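Report on the structure given below.
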Amino acid sequence: MTLDEILDNFALLDDWDDRYRYIIELGRTLTPLPEADHVEANKVQGCASQVWLTTQVRPDGADGPVLSFVGDSDAHIVRGLIAILFSLYSDKPAKEILAIEPATIFETLGLKEHLTPQRSNGLKSMVARIRRDAEAALAARG
């Protein structure tokens, strides 16, 4: 699902219970992370829930390396947040990933006011991990 579709669907939902249900539904659309990838090396540090993230890099994109992500969490709402992050970052060039300012999107969705401090910190940790992977992909390019 694209970010624009998520934003449009979110705008149709007035009630935050409905929005939470929608976020959980988004989490169900994630590509399953293979059980073999549920390892410590793929764990995102700084999340209250367990979160795993793998990054695939296609180094030869027209605009430099292109990153795609697969992730999972043991918490339904966090899986939905991962899906939102992937709509924002996955299958994009590393340079574009580094230029994205996610705070604006989170404010538009109202997540800033409706997530617990632990979930907000976890979201920041996931974004930091994605950005580090993008920086590493650019550095590996030379």
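First residue of the sequence shown: 1, per the UniProt record's numbering; consecutive thereafter. By construction, the Cβ of each residue, glycine as well, lies at the ideal position given by its N, Cα and C atoms. Source: prediction; values computed, not measured.
For Ile100, the closest alpha carbon among the candidates Glu107, Leu88, Gly110, Leu109 is that of Leu88. Cβ neighbours of Val44 within its own chain (closer than 6 Å, five residues either side excluded): Val51, Leu53, Ser125, Met126, Arg129. Bounds of any alpha helix (DSSP H) do not take in Leu30, whose DSSP letter is neither H nor E. Assigned with DSSP and collapsed to three states, Leu53 falls in strand. Taking 7 Å as the cut-off, the beta carbon of Pro65 is found closer than this to the beta carbon of Arg141. If you draw a straight line from the Cα of Leu7 to the Cα of Ala41, it is about 32 Å long. In the structure shown, Gly80 adopts helical secondary structure according to DSSP, grouped into three states. The closest CA to that of Thr116, considering only Ala83, Ala62, Cys47, is found on Cys47.
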